[in-house]
Structure formats: structure tokens, C-alpha cells
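Asks: Per this note's numbering, residue 178 is the first one in the sequence shown, and the count goes up by one each step.
Don't be surprised by glycine CBs; every beta carbon is placed ideally from N, CA and C.
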Amino acid sequence: QLARARGNLLARLDQLFAGQPERAAVLKAMLLGDRSFVDSEVVTTFQKTAAYHVLVVAGLHVGALAVFLFWLCRRLRFSAGMTTLVTLAALAAYAGVVQDRPPILRATLMAAFYLCARPLFRRVDLLNTAALAALAILVWKPSSLGDSSFELSFLAAGVIAGLALPW
178 QLARARGNLL ARLDQLFAGQ PERAAVLKAM LLGDRSFVDS EVVTTFQKTA AYHVLVVAGL
238 HVGALAVFLF WLCRRLRFSA GMTTLVTLAA LAAYAGVVQD RPPILRATLM AAFYLCARPL
298 FRRVDLLNTA ALAALAILVW KPSSLGDSSF ELSFLAAGVI AGLALPW
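Here it is, written out as C-alpha cells:
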């Protein structure tokens, strides 16, 4: 089901930018993590300008989506529970569509843990949330421990959380 949705979204981007395949390829990379159609010259240009991260779907996308949906639901005066459910459902769908990349899973799980803790009036500690997300991923797929993407994703989250701790 999610693979079909991913295919439909990729096809829709091709339709929207039928005369501009380079733009469609960049949008596929930016929104859905599919860099297979991005020309190597374009990749090199993004690397030379230190903007390659724009082509990589990462936790920032999940965070932006979560914040936007949370804001939109609150703006539409949804209850706190409905806001949480809508945001969780959309994040799960997005994570499924862009497939199981460790940064996406980490960010989705961290957002989910945060959203689930809010109704319980629990204080959410960033390091604990990252650790819980790592544990959940490792329980689901223990081989992730040797994956450099997993390691770098949680290293970055740990450094950011560690730097934010004093504040």
C-alpha cells in the first residue's frame, strides 16, 4: 500500500514537471528520498556548494512536518488527542512512504514519543527520547547497530541534545 503511494507520488512529480526532468529529479530526492534520477553533475554541484544535505531526506523533514501538522490541527481547533492522532498518523505514513531510513525512523519515533508523552503531562527529555528511539529501532532491527547511517543519526541527535541540555 505504501509502496503504491510512493510510486503514485513519484509519478505525480513526473507529471507536474514533464518538461523539466531535472527539477522533478531534485524534488523526488528532496521530498521522497529518491536520488536515483538526479544527474551526477547536479549532485556534484550540490556538493561543491555545500548544499548536498538538501537532497537527503532526514529528520528535519519529519520535524518540519510534525510542527506544521501540529500547528495546523491546533489552528483548526482540534482537541489535543485528535491533534496527536492526526500528527502520528501522518508521520507514520510519511516514514512508510520514504522507506525505513534510520534518520527518518529516529525522528519519527522521537516525535511519536514526545506526542504520546504530552497528554500524560510528562516532561520530555531529549536524550531519553533519542535513547528510546534507538532502543526501539534496535529491537526491531538489531543489524542497524552496524549501519553507519544509524550511528551517525544518533550521534548527531546525542550531540545536539547534549549541547541543549545546559540550556
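#1: Decide if the segment 288–304 is in contact with the segment 316–332; the criterion is three or more beta carbon pairs, one per stretch, under 8 Å apart.
#2: What is the C-beta distance between Thr-264 and Phe-290, in whole angstroms, given that I count them as a contact (C-beta under 8 Å)?
#3: Quick test of your reading: Asp-191 and Ala-201, contact by CB under 8 Å. State the CB separation rounded to the nearest angstrom.
#4: Give me the residue from Thr-261, Ala-313, Leu-312 and Val-275 with the minimum Cα distance to Arg-183.
#5: Which of the three DSSP states, helix, strand or coil, is assigned to Gln-178?
#6: Using a threshold of 8 Å, state whether the C-beta atoms of Ala-334 and Ala-307 are closer than that.
#7: Assuming Gly-210 and Arg-254 form a contact by the criterion Cβ under 8 Å, report the distance between their Cβ atoms to the nearest whole angstrom.
#8: Helix, strand or coil for Leu-253, going by three-state DSSP, please let me know.
#9: Below 6 Å CB to CB, which residues in the same chain sit around Ala-267 once its five sequence neighbours on both sides are set aside?
#10: Which word fits Gly-310, buried or exposed, when buried means at least 16 other C-beta atoms lie within 10 angstroms of its C-beta?
#11: May I ask which residues mark the beginning and end of the alpha helix (DSSP H) holding Ser-325?
#12: Let me know the secondary structure DSSP gives Arg-278 once reduced to three states.
#13: Should Gly-236 and Arg-189 be called a contact, given that it needs their Cβ atoms to be closer than 8 Å?
#14: In angstroms with no decimal places, state the Cα-to-Cα distance between Cys-250 and Ser-321.
#15: Nearest CA to the CA of Gly-258: which residue from Tyr-271, Pro-296, Val-233 and Thr-226?
#16: To the nearest angstrom, how far is the alpha carbon of Val-244 from that of Thr-260?
Replies: Taking the geometry as given:
#1: no
#2: The pair is not a contact, with the Cβ atoms about 13 Å apart (cut-off 8 Å).
#3: 5 Å
#4: Val-275
#5: coil
#6: yes
#7: Going by Cβ atoms, the distance from Gly-210 to Arg-254 rounds to 33 Å, so no, they are not a contact pair.
#8: coil
#9: Leu-246
#10: Inspection of the sequence shows that residue 310 is occupied by Ala rather than by Gly. Ala-310 is buried by the Cβ-count criterion.
#11: 325–341
#12: coil
#13: no
#14: 34 Å
#15: Pro-296
#16: 11 Å
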